[in-house]
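In the numbering used here, the protein residues as written are 88 to 409.
Just so it is clear, CB atoms sit at the ideal spot from N, CA and C, and this is done for glycine as well.
Quick caveat: nothing in here was measured; it's all calculated off a predicted structure.
Okay, so here's the structure we're looking at.
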Ligand code: ACO
């Protein structure tokens with residue numbers, strides 16, 4: 088059995104926060120944010136939490152695949168903004184909202200979470216354990232950023248994306264390759280120190296903290312290497328890729344990595360201007376945008392890449408099969 092990318096769906100909360108709105112909250116400008124990041128707007132969850140966004144994206148993915156919740160054998164949900172920080176997992180809450188009982192687990196790999204979930208789903212399917220796995224990237228980052236810190240609060244947004252990974256006998260539909268990795272020596276570059284047992288409630292550092300410039304440099308270098316390696320080991324170049332769909336943190340990172348692999352601009356997918364950085368949700372949300380406007384078609388080859396807190400990173404070559 089092979090693992091195939093069968094469906095996609097997404098959801099963003101209705102409230103939009105513009106750069107102009109942010110000018111009224113912190114000492115920043117539309118010009119600075121646009122020039123340094125490419126971000127113009129982001130969506131903010133007001134009366135919803137991560138499991139609500141994840142549930143709505145999942146229903147969209149199920150509808151697009153013409154599948155029912157009962158068809159799902161397992162849920163893997165990537166998030167750094169779970170409804171509860173220890174238990175129950177957000178995946179369990181989504182299973183309940185979908186009205187199913189199935190194995191359900193959260194994974195924590197920051198912005199690389201969706202690619203980690205994809206890798207786990209692929210392994211479960213190829214080993215014959217399950218047939219249909221719902222993978223989700225869902226975040227309400229607006230709830231963990233410090234709205235007084237201009238170096239971080241302007242960057243992030245809320246949203247969710249979901250995909251269904253299914254067993255197939257057709258080799259041409261198979262996920263071609265996935266590369267995931269992590270290096271904990273960078274743990275302090277991107278961290279929410281006061282949300283675990285180490286510092287716990289005694290810490291006032293409960294917000295997301297990032298050494299932006301240092302993170303930027305490692306991200307460009309590491310991602311460029313990861314996509315170069317995965318293309319090389321599959322004897323591929325940017326010519327065989329239909330869509331380059333990177334994690335959406337900063338258009339300058341995307342541009343630098345795309346130039347390394349000589350990816351033409353028209354194949355590079357950019358959504359950071361409207362959604363900001365939605366961490367684990369950004370890749371499935373970008374795939375869904377392509378699908379909803381009818382640009383991506385069955386059989387198209389996607390190159391995904393992501394980089395995030397940990398540091399974690401990964402890339403994947405994936406045929407689209409919806
Ligand atoms: N408005 C105005 N000025 C600002 C703002 C702001 N919102 N934020 C920072 N500045 C100032 C800084 O104070 C600094 O001023 P100084 O020179 O007087 O000290 C100046 O702008 C430059 O700051 P830098 O941090 O050097 O700016 P840089 O060009 O590096 O851009 C950014 C910052 C956008 C954060 C960039 O470094 C970046 O994108 N980093 C990578 C983010 C990323 O990929 N994270 C990983 C994924 S996220 C995850 O896993 C959850």
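When C-beta atoms of the segment 179 to 195 are compared with those of the segment 151 to 162, three or more pairs fall below 8 angstroms, so the two segments count as touching.
Taking all protein chains shown into account, residue 226 has 16 or more neighbouring C-beta atoms within 10 Å of its C-beta and is therefore buried. Around the CB of residue 232, 16 or more other CB atoms lie within 10 Å, so the residue is classed as buried.
In this structure, residue 181 places its C-beta atom within 8 angstroms of the C-beta atom of residue 138. In the three-state reduction of the DSSP assignment, residue 405 falls in the strand class.
Taking the CA atoms as reference points, residue 251 sits about 6 angstroms from residue 220. The beta carbon of residue 104 lies closer than 7 angstroms to those of 128, 129 and 131 in the same chain, with the five residues before and after it left out. Listed in chain order, the alpha helix (DSSP H) elements of length 4 or more contained wholly in the segment 169 to 244 are 177 to 185, 200 to 213 and 237 to 240. Annotation note: the segment 293 to 324 contains no uninterrupted beta strand (DSSP E) run of length 3 or greater. With a cut-off of 7 angstroms, the C-beta of residue 201 is classified as distant from the ligand ACO, since no heavy atom of the ligand falls inside that distance. At the C-beta level, residue 90 and residue 262 come within 8 angstroms of one another. Taking the Cα positions, residue 136 is about 43 angstroms away from residue 322.
Residue 327 and residue 273 have their C-alpha atoms spaced approximately 33 angstroms apart.
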